[in-house]
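Taking our numbering, the leading residue of the sequence shown gets -7, the next gets one more, and so forth.
Just so you know, even glycine gets a beta-carbon here, dropped at the ideal spot from N, CA and C.
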Amino acid sequence: MAETPSSTAVVERRGIPAAAFVEDVQTYLNQSDLDVNSALAFFQERLQQYKLVEMKLLAQQRDLQAKIPDIEKCLDIVATLQARRGSGEPLLADFEVSEGIFSRASIEDSDSVCLWLGANVMLEYTCEEANTLLQKNLENAKASLEVLFGDLQFLRDQVTITQVTIARVYNWDVHQRRRQTVASSSTNKDS
């Protein structure tokens, strides 16, 4: 079922289809070859699709918002290790072994660090390489977060347009039924 707008061009943003604002319901229904119930069902389905995409984007946003502070902490740790290098005194650090369980470690001078990359993969990098990689990951995460904010705003606009369109189609249908009722009651009185 194709959506044909009455006044705006249908576009999309990163796979999210734009909602068309329907100015003239009668023209829209005629061009789309739909009845009111089919049009309402179509718009309700589109609204549910938007809500599903919104849930997925919000989950991605939460993940990125949790990831950015972790990357920043790692950058701070690498910077601390680099600053303490050559001082001769060990760095005492508490680290989390598992959730809620911590241990204390004495970290001697080291030119390398191990970074947890995920999927049970940990690699050893020099402090400079680790710093470069973490900076790149931080920039990418912040850029992805900005894109997500834009996607969510676009999506919210599409939800609003779709809700307004549903209301317009529904109200138009109510108005048409009232006109038919008035017309049929006046015809019955004349008979």
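Exercise. Run through DSSP, which three-state label would asparagine 163 get?
Worked result: helix
Exercise. Does the distance from the C-beta atom of leucine 67 to that of leucine 126 stay below 8 Å?
Worked result: Taking 8 Å as the cut-off, the Cβ atoms of leucine 67 and leucine 126 count as close.
For this session: Ignoring anything shorter than 4 residues or poking outside the region 62 to 124, list the alpha helix (DSSP H) runs there in chain order.
Result: none
Exercise. Which same chain residues, not among the five before or five after arginine 96, have their C-beta less than 6 Å away from its C-beta?
Worked result: The answer, listed in chain order, is Asp86.
For this session: Determine the DSSP secondary structure at glutamate 15, reduced to helix, strand or coil.
Result: Note: glutamate 15 maps to coil in three-state DSSP.
Problem set entry | Same chain, Cβ closer than 8 Å to leucine 140, five either side skipped, listed in chain order | Leu49, Gln52, Gln53, Leu56
Exercise. Going along the chain, which residues of its own chain have a beta-carbon closer than 7 Å to the beta-carbon of tyrosine 162, five neighbours each way excluded?
Worked result: Excluding the 5 residues flanking it on each side, tyrosine 162 has same chain C-beta neighbours closer than 7 Å at Leu32, in chain order.
Problem set entry | Per DSSP, cross-strand counterpart(s) of arginine 5 | Ile8
Problem set entry | Whole-angstrom C-beta distance between threonine 124 and aspartate 103, which should lie under 8 Å | Separation of the CB atoms of aspartate 103 and threonine 124 is rounded to 15 Å, and the pair is thereby denied contact status at 8 Å.
Exercise. Could you give the distance in angstroms between the alpha-carbon of threonine 154 and the alpha-carbon of aspartate 165?
Worked result: 16 Å
For this session: Under 8 Å by Cβ, that's how I've got tyrosine 227 and leucine 147 pegged, so tell me the actual separation to the nearest angstrom.
Result: Outside the displayed range of the chain (-7 to 183) lies residue 227, so it cannot be described from this structure.
Exercise. Alpha carbon to alpha carbon, what distance is there between serine 90 and glutamate 120?
Worked result: 28 Å
For this session: Quick one: residues in its chain with C-beta nearer than 8 Å to the C-beta of glycine 78, no 5 flanking neighbours on either side, listed in chain order?
Result: Asp101
Problem set entry | Residue nearest to histidine 167 in terms of C-alpha spacing, selected from Val17, Ser24, Ala122, Ala12 | Val17
For this session: State yes or no: is the C-beta of alanine 11 within less than 8 Å of the C-beta of threonine 157?
Result: yes
Exercise. Roughly how far, in whole angstroms, is the beta-carbon of leucine 21 from the beta-carbon of valine 28, given that I think they are within contact range, below 8 Å?
Worked result: 7 Å
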